[in-house]
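So the structure is just underneath, and the comments pick up after that.
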Ligand code: CA
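In the working numbering, the protein residues as written are 190 to 471.
Now the structure itself:
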């Protein structure tokens with residue numbers, strides 16, 4: 190498996206301005222195969238992520254060849270706190286799923302290089318437990334039955350209401366979570382991903398989307414060393430441009446916020462190895 194950090198080192202070029210669509214930019218990126226992978230990124234939002242709406246960090250792969258629909262979906266999902274990677278054909282979808290761990294996949298059935306239906310089984314082999322939602326312009330019940338029987342978890346017929354897509358996505362992702370595990374508690378920190386809230390004792394923490402994502406990651410694996418690449422992979426999308434010290438800066442801000450709220454928890458920097466959330470030594 191190639192980490193996001195390693196993958197990010199590959200080609201990442203902005204293409205002609207003619208391909209720009211509103212405030213969304215199209216990027217090319219090359220994964221293992223050397224074949225370009227077309228992705229959508231919102232550069233403007235990257236610059237202001239610190240003030241972005243707080244949300245959880247679920248990373249979603251959007252497989253959709255209709256550029257306009259993909260751009261609108263991408264923007265709506267990011268506004269709801271998802272990290273979204275977009276690809277526009279079956280080949281790139283397979284490669285992305287083999288490279289990155291996704292919390293969920295949205296798959297259009299009408300793709301240029303292959304029928305999306307035939308992609309469900311291979312994706313299931315690579316990522317057996319990743320929730321998969323089908324988008325289809327076909328209202329024939331037979332194709333919906335085929336999709337669900339092949340391993341899709343839910344479907345939505347086009348045209349669809351964006352709010353319904355986001356709710357269905359959250360619903361299929363909840364199915365995989367332990368029912369009692371929604372609210373995380375460690376030491377004096379309480380974290381509720383469904384409410385996008387975190388607090389130290391009674392003191393609420395005001396976190397940016399990425400700070401929230403980082404804290405969520407550490408709370409899921411307390412007293413465990415996470416490498417820089419693991420943190421990057423969980424928090425940033427394909428389209429996010431990272432400076433070399435982005436993770437350090439992010440974790441520095443998170444530490445300061447935990448400290449200001451009086452938390453006994455601290456994100457330790459294990460030099461050369463990674464980071465660990467645990468109580469400060471007395
Ligand atoms: Ca299509």
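Glycine included, every Cβ here is placed at the ideal spot set by N, Cα and C.
Remember, predicted model here, so these are calculated numbers, not experimental data.
Residue i, buried or exposed, once every other Cβ within 10 Å from all chains shown has been counted against 16
{"i": "residue 438", "result": "exposed"}
{"i": "residue 395", "result": "exposed"}
{"i": "residue 372", "result": "exposed"}
{"i": "residue 363", "result": "exposed"}
{"i": "residue 426", "result": "buried"}
{"i": "residue 270", "result": "buried"}
{"i": "residue 420", "result": "buried"}
{"i": "residue 430", "result": "exposed"}
{"i": "residue 310", "result": "exposed"}
{"i": "residue 410", "result": "exposed"}
Backbone secondary structure at residue i - three-state DSSP
{"i": "residue 463", "result": "strand"}
{"i": "residue 376", "result": "coil"}
{"i": "residue 319", "result": "coil"}
{"i": "residue 310", "result": "helix"}
{"i": "residue 451", "result": "coil"}
{"i": "residue 430", "result": "coil"}
{"i": "residue 414", "result": "coil"}
{"i": "residue 337", "result": "helix"}
{"i": "residue 276", "result": "strand"}
{"i": "residue 396", "result": "coil"}
{"i": "residue 261", "result": "helix"}
{"i": "residue 281", "result": "helix"}
{"i": "residue 286", "result": "helix"}
{"i": "residue 269", "result": "coil"}
Residue(s) in a DSSP beta bridge with residue i
{"i": "residue 387", "result": "380"}
{"i": "residue 293", "result": "249"}
{"i": "residue 345", "result": "324"}
{"i": "residue 457", "result": "465"}
{"i": "residue 299", "result": "304"}
Own chain residues within Cβ distance below 7 Å of residue i, not counting five before or after
{"i": "residue 458", "result": "464"}
{"i": "residue 327", "result": "298"}
8 Å Cβ shell around residue i - same chain, five flanking residues per side excluded
{"i": "residue 306", "result": "298, 332, 335, 336, 339"}
{"i": "residue 349", "result": "324"}
{"i": "residue 392", "result": "450, 451"}
{"i": "residue 377", "result": "389, 390, 451, 452, 453, 454"}
Contacting residues, own chain, Cβ-Cβ under 6 Å from residue i (five flanking each side not counted)
{"i": "residue 291", "result": "248, 250, 319"}
{"i": "residue 456", "result": "440, 444, 464, 466"}
{"i": "residue 412", "result": "467"}
{"i": "residue 136", "result": "Examination of residue 136 is not possible in this model, given that the chain is present from 190 through 471 alone."}
{"i": "residue 254", "result": "277, 300, 301"}
{"i": "residue 414", "result": "459, 462, 463, 465"}
Chain D contact for residue i (CB, 9 Å cutoff)
{"i": "residue 452", "result": "The chain inventory of the structure shown lacks chain D, comprising one protein chain alone."}
Exercise for review: Kindly provide the chain-ordered list of residues whose Cβ lies closer than 5 Å to any non-hydrogen atom of ligand 1.
Suggested key: For ligand 1, the residues with a Cβ under 5 Å from any of its heavy atoms are, in chain order, 254, 297, 299.
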